[in-house]
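The sequence shown begins at 1 in this note's numbering and counts up by one.
Even glycine gets a Cβ: it sits at the ideal position worked out from N, Cα and C.
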Amino acid sequence: MPLIGLGLHFLIALFFAIHAVRNGRQLYWLLILFSFPLLGSLAYFVVEYLPASRLERRGRIAGRALQKSLDPGRDVREARSAFDLTPTAHNQMRLAAALLEAGESEEAVRHYDACLNGPFAGDPEVILGAARANAAHGQPAAAIALLAPLQSKRPDFRADEVGLALGRAYAAAGRQDDAGAEFEAVVERFGSIEARVELALWALANGKEAVAQRELKEVKHARTHMEKHTRELHRELFKRLDAATAPK
């Protein structure tokens, strides 16, 4: 067993050594990694690997945002071209998702409806996308009809996103008690900033002052300590909240 542990430590150190060489890190890392495989790997992960992965992820997010601002119709054009060339169920799913992201909910609904009658009818990604498209197109009842069974049959599938989408659909359909219960459940289970904002907005709109103030306090604290790029990711969410809490 000790030999197995040493072998695992060496493999981890080797992984980080390859990362160091490929990314032009200082060569002293190789000495540290192979002299002290366990501690060296931990040090490299914290000092070099983790910060680099975060920067790469932020770069991808920034790159996608820049692409959308420079050529907002690109994703739809490429997805439509792929579907026209090869009208497979997969390409239709891609086109439906691109249309929804671009705000073209009516056409997105049509393509998602076709997907729901095809080989991917039971795919939870398709069901969630179809529900979002229906909600965006002003059809909350259709969204609920998709989301409620999905939540019941697949409670493990993106539970926070499904719960928030269902809560918004309930609110749009006038089922305010159900909406509040969904938002509360997501906050209790996940405590995400998006869930807290949605619950606060629902509470403000429905005269639940104590709930609203509780969540607004949590959101304010989170925003105070939030990094700039994270605030940017939630910009539209915070716009809605600021508009709802602005002095009348």
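Rounded to whole angstroms, the gap between the alpha carbons of LEU147 and GLU104 is 21 Å.
Taking a 10 Å sphere around the C-beta of SER41, we find 16 or more other C-beta atoms and assign the residue as buried.
Here ARG235 is exposed, its C-beta having fewer than 16 other C-beta atoms within 10 Å. For PHE34, the uninterrupted alpha helix (DSSP H) run begins and ends at 28-35, by DSSP. By the criterion of at least three beta-carbon pairs nearer than 8 Å, the region 191-206 is in contact with the region 164-175. Using a Cβ distance threshold of 7 Å, PHE15 and LEU33 do not count as a contacting pair.
A straight line joining the alpha-carbon of LEU11 with that of LEU30 spans about 13 Å.
For MET226, there is no enclosing alpha helix (DSSP H), since its DSSP letter is neither H nor E. Shortest Cα-Cα distance from GLY174 to any of GLN139, LYS153, THR245 involves GLN139. By the C-beta density criterion, ARG132 is buried, having at least 16 other C-beta atoms within 10 angstroms.
In the displayed model, ARG168 falls within a helix according to three-state DSSP. At least 7 Å separates the beta-carbon of VAL162 from that of GLN176. Within 10 angstroms of the beta-carbon of VAL21 lie fewer than 16 other beta-carbons, which makes it exposed. The DSSP-derived three-state label of GLN139 is coil. In the DSSP assignment, ALA121 falls outside any alpha helix (DSSP H), carrying neither H nor E.
Residue state for THR86 is assigned as coil, using DSSP reduced to three classes. The beta carbons of ALA200 and ALA172 sit about 17 Å from each other, so the pair does not count as a contact at 8 Å. Separation of ARG189 and PHE183 (C-alpha to C-alpha, rounded to the nearest whole angstrom) is 10 Å. Per DSSP, the continuous alpha helix (DSSP H) segment holding GLY180 begins and ends at 176-190. When secondary structure is reduced to three states using DSSP, PRO149 falls in the helix class. Sequence-distant Cβ neighbours of ALA13 in its own chain, meaning closer than 7 Å and more than five residues away, are LEU33, PHE34, PRO37, GLY40, SER41. Taking every protein chain shown into account, the CB of GLN213 has fewer than 16 other CB atoms within 10 angstroms, so this residue is exposed. Look at ASP242 here: in three-state DSSP terms it is helix.
Secondary structure of GLY129 (DSSP, three-state): helix. The Cβ neighbour count for VAL109, taken over all protein chains shown within 10 Å, is at least 16; the residue is labelled buried. Annotation: VAL46 is outside any alpha helix (DSSP H) and is labelled neither H nor E by DSSP.
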